[in-house]
Amino acid sequence: NRYECTIRRVVRTLARNARNAVVTGDIVLFQPGDNFSGVIERVNPRKGIISRFHRRQEHIIVANVDQVLIVVSADEPPLKPNLIDRFLISAEKGKVKPVICINKVDLVDLTRMQLIAGLYGQIGYDVILVSASTGYGMPHLRNVLKGKESVFTGQSGVGKSTLLNVMQPGLLLDTSTVSEGTLKGRHTTRRAILLDLKFGGWVVDTPGIRQFGLWDVLPEEVEGYFIEFRPFVIHCQFPDCTHTHEKKCGVKQAVQNQIISEQRYYSYVKIMHDQNEMKEENRHWS
Ligand code: GDP
Ligand code: ZN
């Protein structure tokens with residue numbers, strides 16, 4: 640049953656930011672009233688938060704997320720591993736488990752995709768290869784989503800809505816019929832919603848978080864989110880080693896010894912560089 644609830648004042652005042660007092664995905668205790676109304680009395684501690692920062696304030700978009708599916712396409716648009724790495728950083732930062740989902744495998748040579756899957760699998764990430772068009776990998780995807788609260792994220796055009804609709808026809812009915820143009824003005828006020836999966840579980844739907852950004856990640860934080868670098872950082876000569884120009888560097892040594900993948904290393908260098916530029920720009924503006 641669905642109850643329309645108001646929020647007890649004390650719940651609001653206890654929250655550091657009133658806007659975040661109760662958010663989508665929260666598990667709450669409420670006092671039921673007449674006609675499916677109610678008053679929220681308590682909010683349980685949250686885990687797995689996805690938030691957005693706006694004017695240095697955190698806006699929690701959804702709470703208690705079990706996993707974020709990073710959806711990319713094998714082609715159309717072509718696969719950019721650097722983009723996977725950016726999404727992985729966001730997931731690591733939010734302490735939400737990432738699952739990499741490579742869609743449109745029908746368009747490419749499967750063995751090439753298996754290589755990429757292997758690379759990320761070795762680091763410790765789950766990777767699923769799927770095709771919404773042929774149905775390849777769909778049972779696997781269902782299994783991964785079953786009983787969990789999941790967020791789908793990824794560039795537009797990679798097939799997120801198609802995947803969801805193939806998995807459960809009609810799931811996105813409310814949202815897909817409204818064109819992006821008419822929704823635009825409401826993005827800021829619209830709350831995230833949880834879509835019910837018939838086989839158990841929820842998918843978080845909000846246009847806003849489909850592409851959650853990286854701008855609040857500092858350059859010096861980036862290395863910590865490349866989880867396979869961790870064991871090698873202790874071999875760097877300098878504690879503040881950036882693993883770029885320094886001579887005695889454990890990370891670069893590991894790349895040379897082919898323990899850390901070159902692709903991931905260059906991705907790290909690129910993201911560091913971009914975050915540095917962004918930091919400079921922010922300094923300029925503030
Ligand atoms: P979204 O922006 O991530 O939600 O992407 P859409 O679901 O709108 O899909 C973008 C385009 O990719 C559409 O034209 C889909 O028909 C197409 N597409 C989605 N999944 C597949 C797939 O597995 N294989 C192929 N070949 N095309 C797909
Ligand atoms: Zn180093």
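With the numbering used here applied, the sequence shown covers 640 to 925.
Using N, Cα and C, we set each Cβ at its ideal position, and we do this for glycine too.
| Asked | Found |
| --- | --- |
| Closest Cα partner of K837 within the set P858, V805, F865 and E862 | V805 |
| I723: first and last residue of the uninterrupted alpha helix (DSSP H) it sits in | P720 to K732 |
| Contacting residues, own chain, Cβ-Cβ under 7 Å from R651 (five flanking each side not counted) | A657 and A660 |
| Local conformation of G677 per DSSP, three classes | strand |
| Counted within 10 angstroms of its Cβ, other Cβ atoms place T610 as buried (16 or more) or exposed | Residue numbering for the chain in the displayed model covers 640 to 925; residue 610 lies beyond these limits and cannot be assessed. |
| Rounded separation between I709 and I755 - CA only | 14 Å |
| Exposed unless 16 or more other CB atoms sit within 10 angstroms - verdict on R869 | exposed |
| Classification of Q914 by the beta-carbon crowding that lies within 10 angstroms, buried from 16 upward | buried |
| 8 Å CB neighbourhood of L810 in its chain, flanking five on each side removed | L803, N804, L834, L836 and V842 |
| Identified DSSP bridge partners for N742 | S712 |
| Whole-number beta carbon distance between S800 and G840, since they are thought to touch under 8 Å | With 8 Å as the limit, G840 and S800 do not qualify as a contact, their Cβ atoms being about 17 Å apart. |
| Short Cβ contact (9 Å threshold) for I910 with V861 | yes |
| Spatially closest choice to Y642 from G664, Q670 and V649, by CA coordinates | Q670 |
| Status (buried if at least 16 other CB within 10 Å, exposed otherwise) for V653 | The identity of residue 653 in the sequence shown is Leu, whereas the question assumes Val. L653 comes out exposed. |
| Alpha helix (DSSP H) runs wholly inside the segment 866–911, at least 4 long, in chain order | 869–872 and 889–895 |
| Exposed unless 16 or more other CB atoms sit within 10 angstroms - verdict on S676 | exposed |
| Neighbourhood of F877 by C-beta, 7 Å cutoff - its chain only, sequence neighbours within 5 removed | E885 |
| Spatial distance of P778 from C740 (CA atoms) | 13 Å |
| Residues near the ligand ZN, criterion Cβ-heavy atom distance below 6 Å | C875, C880, H882, E885, C888, G889 and V890 |
| Residue interval of the alpha helix (DSSP H) (run including V701) | Run containing V701: none in the alpha helix (DSSP H); it sits in the beta strand (DSSP E), Q696 to V701. |
| Closest residue to R695 among V856, C880 and E916 (Cα-Cα distance) | V856 |
| Coil, strand or helix - S770 by DSSP | coil |
| Nearest residue (CA-CA) to K719, options G889, D705, V797 and P684 | V797 |
| Counted within 10 angstroms of its Cβ, other Cβ atoms place S795 as buried (16 or more) or exposed | exposed |
| Helix, strand or coil at P671 according to DSSP, with G and I counted as helix | strand |
| First through last residue of the beta strand (DSSP E) which encompasses S690 | I689 to H693 |
| Length of the line joining the Cα atoms of H826 and D844 | Residue placement at H826 is poorly supported in this model, since its pLDDT is 42, which falls under 50; the coordinates are not used for a value here. |
| C-alpha gap between K823 and R681, whole angstroms | In this predicted model, K823 has a pLDDT of only 44, less than 50, meaning its place in the structure is not dependable enough to derive any value. |
| G672 CB to nearest heavy atom of the ligand GDP below 8 Å | no |
| DSSP-derived helix/strand/coil call for T792 | strand |
| Cβ-heavy atom distance, G798 to the ligand GDP, below 8 Å | yes |
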